[in-house]
């Protein structure tokens, strides 16, 4: 059996198990050697993303991430989420080493065991590492509470891609008083960047300004 056929078979077997846990499945992509499983509840969507190597059945990446439907509804007005793949609100950064060790073990099992045992090992990894991460965030409130406790340095580790815009949206959606402080801090930062390299930073600054105008006029959350 060729590599793509085997990867499809692994994906199909995982689909059966994960559907029992309430996950739906996106179609396997032979071009990217990926398959995603997702579950939407309480206005957040939880994704399990599996990427194989392009020349074997080994796993290159097996991660969990969460997106907020409310955040993406607003963010999508200012950037193309499909092109930029920035629909993820938070990634499982805190488990980075555990995930790496787990994938190394899975790839060893994939070489030594049959396909069904390999699938069960992948499922075990998902249940022991990814699902507990998901359980930390049953709803948007829990997601926002966790993110708002992160320091500025920690924030970019957990929230990738347009992290400034995402934080502004989160602060706005929850009527957090830190919105203004954060907005002013980022405003000064963007101005500094524009003064240093206008051709590079002007488009980002204009997107930032457009989002701020939208948040403060559309919702009328802030006086």
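In the working numbering, the protein residues as written are 551 to 773.
Cβ atoms here follow ideal geometry from the backbone N, Cα and C, with glycine treated the same way.
Remember, it's a predicted structure, so these values are computed and weren't measured experimentally.
Bounds of the beta strand (DSSP E) holding residue 614 are 609-618.
Only residues of its own chain outside the window of five on either side were considered, and among them 628 have a CB closer than 8 angstroms to the CB of residue 760, listed in chain order.
Residue 629 carries a coil assignment under DSSP once its states are collapsed to helix, strand and coil. When the five nearest sequence neighbours on each side are left out, the beta carbons in the same chain lying within less than 7 angstroms of the beta carbon of residue 700 are those of 708, in order along the chain. The C-beta distance from residue 684 to residue 592 rounds to 12 angstroms, too long to fall under 8 angstroms, and the pair is not in contact. Between residue 571 and residue 601, the alpha-carbon positions lie close to 20 angstroms from each other. Bridge partners of residue 754 according to DSSP: none are assigned. In the DSSP assignment, residue 697 is bridged to no other residue. When beta bridges are read from the DSSP output, residue 589 appears opposite 596.
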